[in-house]
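To convert, count from 1 in the sequence shown and add 193; that's our numbering. By construction, the Cβ of each residue, glycine as well, lies at the ideal position given by its N, Cα and C atoms. In this text the structure is predicted, and so the values were computed from the model without any measurement. Data first, discussion second: the structure below is written as C-alpha cells.
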Amino acid sequence: MDSFDVVIAGAGPAGGQAARLLSKKGFKTLLLEKAPSFSSNDFSSGGAPLEILDDFNLPHTLVGAYCNTIKISSSHDTHCWQTDMPLAVVLNFKKLRTFLADETKKQGASVYMGCSYQGHDIQNGHTLVHLKQSRNSVIETVEAKVLMDATGSDRRVLKGRASPKTPSNNVIVGRGIEYLVEVPESVYHTYANALSFYIGAKWMPQGYAWIFPMEAYRLKIGVGRNYPDEQVVPHEKSMGFYLDQLIRECLKIENLSILDKHGKTIVYTRHQRDPYLDQNIIAVGDAVSTVNPFTFEGIRHALKSGEFAARHVQTFLETGQQMNRYPSQIRSYFGIKWVISELLTDKIYREPDDEKMNTMLRAFKYLSLSALKSLVFDYSFKSAIQFYAAYHFLLVRRFFGQIWKRHTPIKTQ
Ligand SMILES: Cc1cc2nc3c(=O)[nH]c(=O)nc-3n(C[C@H](O)[C@H](O)[C@H](O)COP(=O)(O)OP(=O)(O)OC[C@H]3O[C@@H](n4cnc5c(N)ncnc54)[C@H](O)[C@@H]3O)c2cc1C
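Next up, the structure:
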C-alpha cells in the first residue's frame, strides 16, 4: 500500500494551492481530482482583482484578459468606470488548475486525474483512504498522515451538512450557468478589457448576469441566481431564458458559436459554520464556505485557505502539534466581512425591487473607480458607507419627489 504525508481530495484552487505548497516543502503529497481533465469542469468565470497574480505568485500566462473597465447595467441604465491601467484579470480557470497541478508534479508529488475520493477509515491509528479510478472503476487504498477535503461545495470528506436542500436560514445557495463563446472581432472589442455586470429584474431576478472577456474573440457570458429554488419574486422563466436574452440583446448574434457550456451550484454555510477539522482531517476552500456569499467570488479565497491549511499541516507533520488553530485563523481572516456580505445578499436578493436596483446603480455612480473596486473586491467598509450614504440620499430624494408630484396640481390650459 502506498503511503503519503498528505492526500488532498479535489484539485480546485484550494486543493491545488495546498498541494503546490506542501510538495514544495518536500512532503510526500497525493492530489486527487475526480474529473478526467480540467476542461471537463471548467465552470468558473475567473474574474479577480489584478493583485491575485502577485499575492499567489501566479504567472501572467494564466490570464485570459486584463480589464481596465467595470460596466454595470440595470434594467434601465448603464454606467462605465474606466482607467488606463488594468485593475482586474479574467483568469483561465482551466489553465490555473493545470498550473497548480503541474507545479505539484514538478516538485515530485503525485497527481491522479479521473480518480475520486470514495471514503476513509481509521485502523490501528492509521488513516486509510479509498480511491476509485473512473477509467476502470478499480478501488485502491492508500495511507495518509493527513487527509484534506478540497472537494468544494460537495464537502465529500468532512461531510458538512450544507446542501441545496438545507433550510435557507442555514445556507445561501448560488447557481450559475455560463457559455464560452466565440464572437466576431467587432463584438469582442465592445467587451474586451471590461468586467460587465447586469443587475435587476430584466437581466436576472434574484441574481445578476455578466460578460467577461477571455483570450482573443472569446467571451464568457453567464447568469447566476441566488436561492434558485425559492421564488422570492416571480421568475417563471428559466435561467437559460435570461442567458439567451443576454446573448440576443447584448451580443446581437444569431447562430452564435458556443465552445463550452458549464454550470454549478455553490452552497455557502451561513457564518461559515462548516466542520473545518477532525483530528488529522482538514477542509479548505468552498468546503468551508470561503467563497464570498454576496459576489460569489471564490478563487482568491480558496487559494488563501489552501495556504493557511498548508502551514498548519506542515507544523503538524514536523512537530505533531494539532491543527486546532486553523478554524479560528480562517474565521478571523474572513470574519465580519463575510457576515455583512450575508446580510447584503439577503437584503438585495431576497427583497429585490427593480426600482431600488436602478437607484443602486445611480448610487454606484457617486463612487470613484478605486472606491468601487475596493467595494466589490475588498469589501471595504469605507466604500460601503460611501455607497450607502448615496443610496439613502437618492431614496429620500425619490420619496420627496413622489410626494411633491402628488401635491402639485396638474396645470390645465
Ligand atoms: C458559474 C460560476 C462562476 C464563478 N465565477 C467566479 C469568478 O469570476 N471569480 C471567482 O473568484 N470565483 C468565481 N466562482 C467561484 C469559484 O470558482 C469557487 O469559489 C472556487 O472554484 C472554489 O475553489 P475550491 O478549490 O474550494 O473548489 P472547486 O473549484 O469546486 O474544486 C473542487 C474540486 O474537487 C473535485 N472533487 C469533488 N469531489 C471529489 C472527489 N470525491 N474526489 C476527488 N475530487 C473531487 C471537483 O471535481 C473539483 O475540481 C464562480 C463559481 C461559479 C459556479
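Close Cβ partners of residue i (< 8 angstroms) along its chain, the five nearest in sequence each way excluded
i: L562; result: I263, W274, Q275, T276, L280
i: V366; result: P357, N419, Y420, P421, D422, T458, I459, V460, Y461
i: G353; result: T462, D467, P468, A476, A480, V481
i: H319; result: E336
i: A385; result: A258, P406
i: H253; result: L246
CA nearest to the CA of residue i, picked from the options
i: R411; options: E371, Y435, I392; result: E371
i: K218; options: L444, V331, K298; result: K298
i: E378; options: L444, S573, T320, D347; result: L444
i: I492; options: G594, F249, D195; result: F249
i: A343; options: D467, G478, Q515; result: G478
i: G611; options: L321, M306, Y305; result: Nothing in the structure corresponds to residue 611, since the chain is present only between 194 and 606.
i: K323; options: V282, N317, N329, T334; result: According to the sequence as given, residue 323 is His; it is not Lys. Comparing Cα positions, the closest option is T334.
i: L537; options: L246, Q522, T488, T508; result: T488
i: G239; options: L388, L224, N329; result: L388
i: G417; options: E408, Y401, M407, A564; result: Y401
i: E142; options: V282, W396, N234; result: The structure shown does not extend to residue 142, since the chain is modelled only from 194 to 606, so the question has no answer here.
i: K287; options: H455, E511, G369; result: H455
i: P398; options: V380, A202, K430, I414; result: K430
i: D539; options: I404, N363, N234; result: N363
Beta carbon of residue i nearer than 8 angstroms to that of residue j
i: G393; j: N551; result: yes
i: P229; j: S309; result: no
i: F390; j: I265; result: yes
i: D547; j: S268; result: yes
i: A204; j: E226; result: yes
i: L224; j: L255; result: no
i: P242; j: F509; result: no
i: L554; j: H272; result: yes
i: G433; j: G369; result: no
i: V282; j: I245; result: yes
i: L293; j: G209; result: yes
Residue i Cβ short of 7 angstroms to ligand 1 heavy atom set
i: Y310; result: yes
i: D422; result: no
i: K227; result: yes
i: V339; result: no
i: R349; result: yes
i: R411; result: no
i: F236; result: yes
i: A502; result: no
i: P377; result: no
i: F249; result: no
i: T512; result: no
i: E333; result: no
i: P398; result: no
i: A241; result: yes
i: P615; result: Coverage of the chain is limited to positions 194 through 606, which leaves residue 615 absent and any answer about it impossible.
i: D342; result: no
i: A480; result: yes
i: V484; result: yes
i: G257; result: no
i: I315; result: no
i: G353; result: no
i: G307; result: no
i: A294; result: no
i: I392; result: no
i: A495; result: yes
i: A281; result: no
Cut-off 7 angstroms between Cβ atoms - residues of its own chain near residue i, not counting five sequence neighbours on either side
i: L449; result: V374, I440
i: A556; result: F580, A583, Y584, L587
i: V376; result: Y410, L412, L444, I446
i: K530; result: Y572
i: E535; result: I365, R463, P486
i: N261; result: Q275, T276, D277, M278, P279, L280, N386
Exposure label - residue i; buried when at least 16 CB within 10 Å
i: K497; result: buried
i: R349; result: buried
i: R290; result: buried
i: N473; result: buried
i: S232; result: exposed
i: H600; result: exposed
i: D198; result: buried
i: M341; result: buried
i: H464; result: exposed
i: R590; result: exposed
i: D195; result: exposed
i: M278; result: exposed
i: G513; result: exposed
beta-carbon residue i near ligand 3 non-hydrogen atom, thresh 7 angstroms
i: I492; result: The model depicted lacks ligand 3 and carries ligand 1 instead.
Close-in-space but distant-in-sequence residues of the same chain around residue i (CB under 6 angstroms, 5 per side omitted)
i: T150; result: Residue 150 is absent from the structure shown; the chain starts at 194 and stops at 606.
i: T483; result: H494, A495, S498
i: F574; result: none
i: V339; result: V199, N473, V506
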